[in-house]
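Engineer: Shown below is the structure under consideration.
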Amino acid sequence: MTALTSLASLLSPRRWKLLTRVALALAGLTLLVSVVHEQAGFAGALLSWSASAADAEHSENEAKSCVLLSTADGATELPELYEDVVPDVAASNVYLMETSHAAAVLPRGLCGLESYCKLNPQASVWFLVTAQSLEPPTLAALKALQAAYQNLCVAHVNFTSLFKDTPLLELYHSEKFNNTSHKIHNLSDMSRVALVYKFGGLYSDMDVIALRPLVGATNFIALQDDGTGYLNHAIHRMRRHHPMLLRVMKHVAANYNGQTWAANGPTAMSDVARLLGCDLKPVGLDRLVNATHYRTSQQIQPCNATNPCSNQTEGCDWVALRSNAFMAVHYDAAYKLFLGPEKNETSPPIQTLYPDSLGLHFFNYMTRDKEVQSGSHMHRLASEFCPVVAKKHPLLA
């Protein structure tokens with residue numbers, strides 16, 4: 001008599017049936033554990049799949065490089081934003097863009113780029129271009145900057161990818177946009193807002209020479225006119241997904257004006273700030289860092305479905321920087337920056353120039369035909385804040 005037969009004789013039919021069910025259940029569980037082990041943990045895979053996919057994507061992005069490298073045939077391929085490289089949204093990012101599809105970047109623009117790299121070594125400085133390839137002198141200059149500054153990333157940006165998942169994508173592909181004047185400038189205005197909205201950080205036009213570090217600054221938009229509250233969005237810093245920037249994109253998409261200069265840039269930003277009831281009184285540099293708690297939203301519009309109260313407060317989480325923070329010299333007088341000193345004129349030390357400014361906007365659109373004269377402010381500022389560029393192009397020519 002076997003042990004199993006002896007056990008059956010000792011148990012009642014009901015208990016024997018129950019014991020059989022328990023044994024079958026244990027056998028099934030043992031088989032399942034074996035299968036799971038062989039398949040590298042099916043249950044664990046279910047729990048960790050999304051995290052593993054994200055880690056793999058992150059590792060792949062980190063493996064890509066922003067550094068410009070020449071291939072065997074001497075060509076230089078630009079890394080692609082989104083496909084090859086992506087800004088770290090948890091880091092400090094600075095963005096400058098060339099949105100006209102130009103293959104050459106002039107020394108004045110390179111000077112502005114270098115100044116941000118030099119003064120913000122803890123930030124990632126992104127130079128995004130829309131040309132598929134760059135001319136050899138520009139590539140050589142950018143490679144020289146990357147050799148001097150480890151924080152410079154150069155990449156190509158595609159507008160469709162940039163505007164994806166924003167209110168601007170449909171407008172960008174519309175006849176309304178493509179058949180209007182100032183297309184290049186409107187692209188520049190639209191792309192800077194989308195870029196900062198998606199990744200967060202500081203945007204600056206290339207015709208700005210940085211004079212002081214900007215890492216750690218609070219959300220801000222530079223003013224063009226302190227008296228009227230008109231904003232100059234040539235320089236602004238916002239956290240990622242800031243509701244103010246989303247409102248600006250929605251405003252431009254709904255009210256696009258392709259015929260009027262600046263309508264989709266500083267004018268749109270100023271209009272949205274007023275609609276949100278934001279405080280546009282000028283703020284100086286002494287209140288730039290962690291200063292938003294001093295500011296209050298001035299509600300000038302009743303709360304409704306279109307403009308809920310919560311958005312009005314959240315959308316105004318930024319300061320309006322006094323115009324001299326970047327426009328110590330008005331655009332009408334920007335040509336003076338290029339003039340050398342008069343005979344027997346004593347120039348003040350470079351350290352004393354523009355004490356209340358974070359940067360100097362030299363308005364390239366209005367000064368591009370002006371030559372930089374020896375001893376001029378532009379000449380001296382370049383020597384101090386963009387030494388790599390100035391060494392090869394002392395007068396930025």
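Each residue of the sequence shown is one higher than the one before, counting from 1 in full-length UniProt numbering.
From the three backbone atoms N, C-alpha and C, an ideal C-beta is built for every residue, glycine too.
Under DSSP, the alpha helix (DSSP H) around GLY359 begins and ends at which residues?
Structural biologist: Per DSSP, GLY359 belongs to no alpha helix (DSSP H); it is in the beta strand (DSSP E), 359-361.
Engineer: Alpha carbons only, please: which of SER65, TYR203 and ARG212 is nearest the one belonging to ARG237?
Structural biologist: Of the candidates SER65, TYR203 and ARG212, the one whose C-alpha sits nearest the C-alpha of ARG237 is TYR203.
Engineer: Are there 16 or more other CB atoms within 10 angstroms of the CB of GLN224, so buried, or fewer, so exposed?
Structural biologist: It is buried - the Cβ of GLN224 has at least 16 other Cβ atoms within 10 Å.
Engineer: Between the C-alpha atoms of CYS386 and HIS393, what's the straight-line distance to the nearest angstrom?
Structural biologist: Going from the Cα of CYS386 to the Cα of HIS393 covers about 10 Å.
Engineer: Run the CB neighbour count on GLY201, radius 10 Å, all protein chains shown included, and call it buried at 16 or more, exposed below.
Structural biologist: When all chains shown are included, GLY201 counts as buried.
Engineer: Which same chain residues, not among the five before or five after ALA43, have their C-beta less than 6 Å away from its C-beta?
Structural biologist: In this predicted model, ALA43 has a pLDDT of only 27, less than 50, meaning its place in the structure is not dependable; the value taken from the coordinates is given anyway. Hits under 6 Å: none found.
Engineer: Taking the alpha carbon of LEU81 as the point to measure from, which residue in LEU145, LEU142, THR71 and PHE199 has its own alpha carbon closest?
Structural biologist: Ranking LEU145, LEU142, THR71 and PHE199 by Cα distance to LEU81 puts PHE199 first.
Engineer: Pop quiz: ALA104 and GLU135 are said to be a contact at Cβ under 8 Å. What is the actual Cβ separation, rounded to whole angstroms?
Structural biologist: Right, the Cβ-Cβ distance comes to about 5 Å (below 8 Å), so this counts as a contact.
Engineer: Buried or exposed: PHE363, going by 16 or more other Cβ atoms within 10 Å of its Cβ?
Structural biologist: Buried, because 16 or more other Cβ atoms sit within 10 Å of the Cβ of PHE363.
Engineer: May I ask you to verify whether the segment 142-149 touches the segment 177-185, counting CB pairs closer than 8 Å and requiring at least 3?
Structural biologist: No, the segment 142-149 does not touch the segment 177-185.
Engineer: Kindly indicate which residue of LEU69, ARG240, TYR95 and VAL129 has the alpha-carbon position closest to the one of ALA155.
Structural biologist: Out of LEU69, ARG240, TYR95 and VAL129, VAL129 has the C-alpha closest to the C-alpha of ALA155.
Engineer: For a test of the three-state rule: what should DSSP assign to ASN158, helix, strand or coil?
Structural biologist: In this structure, ASN158 counts as coil in the three-state DSSP scheme.
Engineer: Can you give the beta carbon distance from LEU358 to MET378, rounded, assuming they're within the 8 Å contact cut?
Structural biologist: So it is not a contact: roughly 17 Å between Cβ atoms.
Engineer: Comparing C-alpha positions only, which one of LEU152, ASP189 and CYS153 sits nearest to LEU168?
Structural biologist: The shortest C-alpha separation from LEU168 is found at ASP189.
Engineer: With DSSP run on the structure shown, which of helix, strand or coil describes GLN224?
Structural biologist: DSSP places GLN224 in strand when its eight states are reduced to three.
Engineer: Relative to the C-alpha of TYR365, which candidate in TYR331, PRO341 and SER115 has its C-alpha closest?
Structural biologist: Taking only the C-alpha atoms, the option nearest TYR365 is TYR331.
Engineer: Quick one: give me the first and last residue of the beta strand (DSSP E) that PHE127 is part of.
Structural biologist: Counting along the chain, the beta strand (DSSP E) containing PHE127 begins and ends at 124-129.
Engineer: Alpha helix (DSSP H) containing ILE184: first to last residue?
Structural biologist: Counting along the chain, the alpha helix (DSSP H) containing ILE184 begins and ends at 183-199.
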